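In the working numbering, the protein residues as written are 1 to 143. Every residue gets a Cβ at the ideal spot worked out from N, C-alpha and C, and that includes glycine. Note that the coordinates shown come from a computational prediction; the quantities given were computed from them, not determined experimentally. To start, the structure under review is shown below, and the notes come after it.
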């Protein structure tokens, strides 16, 4: 959450500078394959939205691990996505007050999707671990 808040607190100019630096790295790496300027402005858009997905994937995973013992197992996924989506809404509201930034519904939807993928990864890992315990029982340690 701290990383999300930090990036959301950057002004429009600072945010453009950061994503521009990342774009330059990708453009130099990809220009040998696709040619210079092959992606135009689309590359920066992809980078910015991928950052949303990645950060909220991490948040979804973290929230799932955190509430796993506190919430009913069947509700962990839904509760995680709801909490992360709520945080995404508050994050976009916060951006309304940052110079050069504006709230976007599209970002909330991307953030919710990222958290859903993180919660899904957690759920699948838990199911896999449980199924492996059924197939391969844990050894008993005798004292």
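Below 8 Å on the Cβ atoms is my guess for residue 144 versus residue 65; work out the distance and round it to an integer in Å.
-> Residue 144 falls outside the range modelled here, since the chain spans only 1 to 143, and no answer is possible.
Would you call residue 59 buried or exposed, if buried means 16 or more other Cβ atoms sit within 10 Å of its Cβ?
-> Mapped onto the chain shown, residue 59 falls at position 59. Label assigned to residue 59: buried.
What are the boundary residues of the alpha helix (DSSP H) that includes residue 102?
-> Numbered from its first residue, the chain shown carries residue 102 at position 102. Note, residue 102: premise wrong, no alpha helix (DSSP H); not H, not E.
Cβ neighbours of residue 52 in the same chain (closer than 8 Å, five flanking residues each side left out) = In the chain shown, counting from the first residue as 1, residue 52 sits at position 52. Result list for residue 52: 107, 110, 111 and 114, in chain order.
Supposed contact pair residue 98 and residue 8 - C-beta distance, whole angstroms, cut 8 Å | Indexing the chain shown from 1 puts residue 8 at position 8. Indexing the chain shown from 1 puts residue 98 at position 98. So it is a contact: roughly 7 Å between Cβ atoms.
Hey, quick one: how far does the alpha helix (DSSP H) through residue 44 stretch, first residue to last?
-> As a working note, residue 44 is residue 44 in the chain shown. Residue 44: member of the alpha helix (DSSP H) spanning 42-67, first to last residue.
Relative to the alpha-carbon of residue 122, which residue among 93, 43, 16 and 81 has its alpha-carbon at the smallest distance?
-> What you label residue 122 is simply residue 122 of the chain shown in a count that begins at 1. It is 81 whose Cα lies nearest to the Cα of residue 122.
Going by alpha carbons, who is nearest to residue 37 out of 76, 27 and 44?
-> Here the question's residue 37 lines up with position 37 in the chain shown. It is 27.
Which listed residue (96, 50 and 6) has its alpha carbon closest to that of residue 117 | Working through the chain shown from its first residue, we reach residue 117 at position 117. Minimum Cα distance to residue 117 is reached at 50.
Rounded separation between residue 46 and residue 33 - CA only = Locating residue 46 in the chain shown gives position 46, where the first residue counts as 1. Locating residue 33 in the chain shown gives position 33, where the first residue counts as 1. So the two alpha carbons sit approximately 18 Å from each other.
From residue 103 to residue 2, what does the alpha carbon distance come to, in whole angstroms?
-> Locating residue 103 in the chain shown gives position 103, where the first residue counts as 1. Locating residue 2 in the chain shown gives position 2, where the first residue counts as 1. Approximately 18 Å between the Cα atoms of the pair.
Have a look at residue 40 and residue 68 and give me their C-alpha separation to the nearest angstrom.
-> Working through the chain shown from its first residue, we reach residue 40 at position 40. Working through the chain shown from its first residue, we reach residue 68 at position 68. Cα to Cα, the separation comes out at about 43 Å.
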